[in-house]
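Peer 1:
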Amino acid sequence: MFTETTSYDFRIPSHSVVAPHIELVHLCASDPGYRDVLRIRASAFGVPESEAGNEFDLYSDHYCAYVNGMPVGALRVTRAVCGPLDCEEHVPMQALAAYRNHISSSSRFCQIKGAAPNANIAERLIKAAWQDQIRRGSRIDIICVRPSVVRYYARRGYRLVEGSYFVNPFRTKPNYVMLFTADPRQGGPLQQLLRGIEDTIPLETIRKCVPLVDSERPWATLMRRGMAAA
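The sequence shown lines up with residues 163 to 392 when you count with the numbering used here.
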């Protein structure tokens with residue numbers, strides 16, 4: 163269980179990683195630590211710090227990873243009940259209509275290049291964010307990701323939304339939409355976080371309104387078709 167303070171200070175044991183101390187902290191845009199999020203984005207995305215934030219930050223939850231007190235990674239999670247999602251026009255409308263109160267969207271993951279390479283910062287941020295978001299009522303996470311990381315998220319239980327290819331205006335990069343539901347029956351590295359949840363939204367229920375790609379289907383072919391049709 164995470165140690166909680168007034169700033170939602172999530173402390174995770176470093177186990178066998180190189181870094182002697184890793185700290186994951188929950189932040190809001192009004193917190194002083196939000197500046198660390200902007201610094202990380204500016205470094206990772208190669209933009210001025212003044213351009214590293216946007217309007218979605220104002221009502222989103224931010225998770226910042228520190229190694230030995232130095233900010234090295236950040237992740238943003240926006241709950242649909244709090245306001246529009248980033249790139250919401252590309253999110254399955256059927257899912258939003260049915261489950262808006264339980265949908266969140268993780269985005270803007272970034273990490274300082276070369277910082278704590280053995281600390282699994284991405285994995286830690288994803289798990290910490292999900293554990294916190296479950297407490298806040300989220301049951302579905304919808305993300306927009308680059309083609310190169312589709313398989314990474316698929317191994318963690320996310321499903322590719324069929325025909326979801328689009329060009330993200332942020333840095334004009336091709337993206338696909340993926341979806342994760344807090345259904346402990348689907349297995350995967352996040353399964354342990356989902357145990358004991360009574361008000362789950364089963365994957366089978368999601369499939370009734372959102373066309374998802376089965377894990378055994380050839381994703382590379384499907385992604386090429388999506389790009390050709392766009």
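For every residue, glycine included, the Cβ atom is placed at its ideal position computed from N, Cα and C.
Residue ranges of each alpha helix (DSSP H) run of no fewer than 4 residues wholly in the segment 198-286, ordered along the chain?
Peer 2: Taking only runs of at least 4 residues, the alpha helix (DSSP H) segments lying wholly in the segment 198-286 are 255-261.
Peer 1: With distance defined between alpha-carbon atoms, name the residue in Arg317, Gly276, Pro309 nearest to Ile288.
Peer 2: Selected option, being the one with the closest Cα: Arg317.
Peer 1: Here's the rule: buried if 16 or more other CB atoms are within 10 angstroms of the residue's CB, otherwise exposed. What is Gly245?
Peer 2: Exposed, since its Cβ has fewer than 16 Cβ neighbours within 10 Å.
Peer 1: Considering just the uninterrupted stretch of the alpha helix (DSSP H) at Ile368, what are its terminal residues?
Peer 2: Note, Ile368: alpha helix (DSSP H), 365-369.
Peer 1: Counting only the same chain and skipping the five closest in sequence on each side, list residues whose C-beta sits under 6 angstroms from that of Leu258.
Peer 2: No residues qualify anywhere along the chain.
Peer 1: Per DSSP, which residues does Phe332 bridge with? Please list them.
Peer 2: Beta-bridge pairing links Phe332 to no other residue.
Peer 1: Below 8 angstroms between beta carbons: does that hold for Ala236 and Cys249?
Peer 2: Contact: no.
Peer 1: Once DSSP output is grouped into helix, strand and coil, what is the label at Gly341?
Peer 2: According to the sequence displayed, residue 341 carries Leu and not Gly. Note: Leu341 maps to strand in three-state DSSP.
Peer 1: Between the C-alpha atoms of Cys190 and Arg238, what's the straight-line distance to the nearest angstrom?
Peer 2: Distance between the alpha carbons of Cys190 and Arg238 is about 10 angstroms.
Peer 1: Could you have a look at Arg313 and say whether DSSP puts it in helix, strand or coil?
Peer 2: If DSSP states are grouped into helix, strand and coil, Arg313 belongs with the helices.
Peer 1: Measure the alpha-carbon distance for Ile305 versus Ile368 and round it to whole angstroms.
Peer 2: Between Ile305 and Ile368, the C-alpha separation is close to 15 angstroms.
Peer 1: My output table needs one value for Asp303: the three-state DSSP class, helix, strand or coil.
Peer 2: Note: Asp303 maps to strand in three-state DSSP.
Peer 1: Return the residue from the list Trp292, Tyr315, His264, Gln348 that minimises the CA-CA distance to Tyr338.
Peer 2: Cα-wise, what sits closest to Tyr338 is Tyr315.
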